[in-house]
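So the structure is just underneath, and the comments pick up after that.
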Amino acid sequence: MPRVAVSDLLSCLHRGVIPRLTHDLHKGQGGKIGVVGGSFEYTGAPYYSAYSALKVGADLAFIFCTEAASVPIKSYSPELIVHPVLASNDSSISCKKSVEKVSEHLERISALLIGPGLGRDECVMDVASGIIEKSKEYDIPLILDGDALWLLSKNKELIKGHKNCVLLPNVVEFKRLQSSENQTVADLAEELGALIVEKGKEDKIAIGEYVAICATENSARRCGGQGDLLAGSMAVFMSWAHKYIQSQDHMNEDKAKKIKLSAAYGACSLTRECNQRTFQKFHRGMTTVEMIQEIPQTFYELHDKQIEQEDAENSDK
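For the sequence shown, UniProt numbering gives the first residue as 1, with consecutive numbering after it.
Below is the structure:
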């Protein structure tokens with residue numbers, strides 16, 4: 001499997017994937033991210049994902065959650081658009097109606113993330129399955145994390161036919177998805193037809209025949225919610241990559257895979273760098289709340305500042 005160099009990944013990010021901020025843009029063109037998740041027990045995870053998406057640069061973030069989760073999530077931030085439409089065993093809305101309610105928004109969003117705070121309520125799992133199936137009708141990236149990966153481990157056929165699926169398993173979730181104990185992330189990505197980020201000491205990223213390693217330095221502290229930050233960031237990077245691929249006439253499949261690989265690397269490296277910077281300030285007491293606050297400046301220094309310098313150098317030639 002060819003391993004793509006970090007320099008090539010950054011080149012893809014800076015010369016295409018990350019959109020320039022210009023006065024010609026209007027609200028929505030920076031990304032409209034949908035997050036399916038949020039239950040009675042778990043309200044922080046979807047908030048972390050959606051709010052991180054805004055901090056990375058998305059213009060709008062929608063959360064589709066159960067009714068029990070909606071008021072807490074709304075109270076966390078006025079910037080999130082919260083739809084209490086997910087059915088659960090305790091709600092009056094049917095699973096079918098719930099899928100329909102979420103599906104009404106799919107044509108208006110640029111990436112869909114399923115999993116943060118989803119829980120394993122039987123009805124919620126049925127709804128998630130229905131939304132995954134429905135999303136195949138729309139040409140948008142689908143990111144699966146958390147309990148959506150548990151659902152996928154029970155039925156790998158769920159994502160069959162989806163052209164833009166991204167999976168974000170941790171060590172335990174990766175083992176559940178493996179067909180054999182020795183199956184590598186590249187082999188699993190090939191089997192499922194998805195881009196996979198195997199999170200760990202180093203993040204291993206694979207799509208098709210291409211592999212990348214994100215070894216950006218970070219701390220040993222793993223606070224709850226860091227994966228949700230990555231998931232929200234990933235949704236934005238993938239929405240940008242998808243938009244860039246669509247803007248290019250007849251981009252070949254290999255090039256498109258490298259673009260997606262670079263987007264995944266961008267989200268991973270941003271998350272790891274935010275972790276490192278937050279640890280330097282708060283040490284063992286750091287939380288994901290502080291990590292999210294690091295996103296704007298970290299993103300600027302990793303990407304926008306470099307893009308500005310490259311553009312200035314090119315204009316002088």
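Every residue gets a Cβ at the ideal spot worked out from N, C-alpha and C, and that includes glycine. From a predicted model like this one, the values you see are computed outputs, not experimental measurements.
Judged by DSSP in its simplified three-state form, Tyr47 adopts helix. In this structure, Ser233 sits near Ser52, with a CB-CB distance shorter than 7 angstroms. Bounds of the beta strand (DSSP E) holding Val166 are Cys165 to Leu167. Thr66 and Ile132 have their alpha carbons spaced roughly 17 angstroms apart. Residue environment: Tyr265 is assigned as buried (16 or more neighbouring CB atoms within 10 Å of its CB, all protein chains considered). In the DSSP assignment, Thr278 forms no beta bridge with any residue.
If you draw a 10 Å sphere on the C-beta of Tyr48, you find 16 or more other C-beta atoms in it, and that means buried. Going by DSSP, Thr288 is part of no beta strand (DSSP E) but of the alpha helix (DSSP H) stretching over Thr288 to Phe299. Asp147 is positioned such that its CB atom lies closer than 7 angstroms to that of Leu118.
Its chain contains Asn89 as the residues whose beta carbon lies nearer than 8 angstroms to that of Glu122, once the 5 sequence neighbours on both sides are disregarded; these appear in chain order. Annotation for His242: Pro141 place their beta carbon closer than 6 angstroms to its own, counting only its chain and skipping 5 residues before and after.
Considered as a whole, the stretch 84 to 148 harbours 95 to 103 and 122 to 135 as its complete alpha helix (DSSP H) runs of no fewer than 4 residues, in chain order. The alpha-carbon separation between Tyr138 and Lys154 amounts to approximately 24 angstroms. In this structure, the beta-carbon distance from Ile213 to Ala189 does not fall below 7 angstroms.
Leu302 is the residue among Leu302, Val85 and Glu308 whose C-alpha sits nearest the C-alpha of Ser7. Contact annotation: Ala50 and Leu80 have beta-carbon atoms nearer than 7 angstroms.
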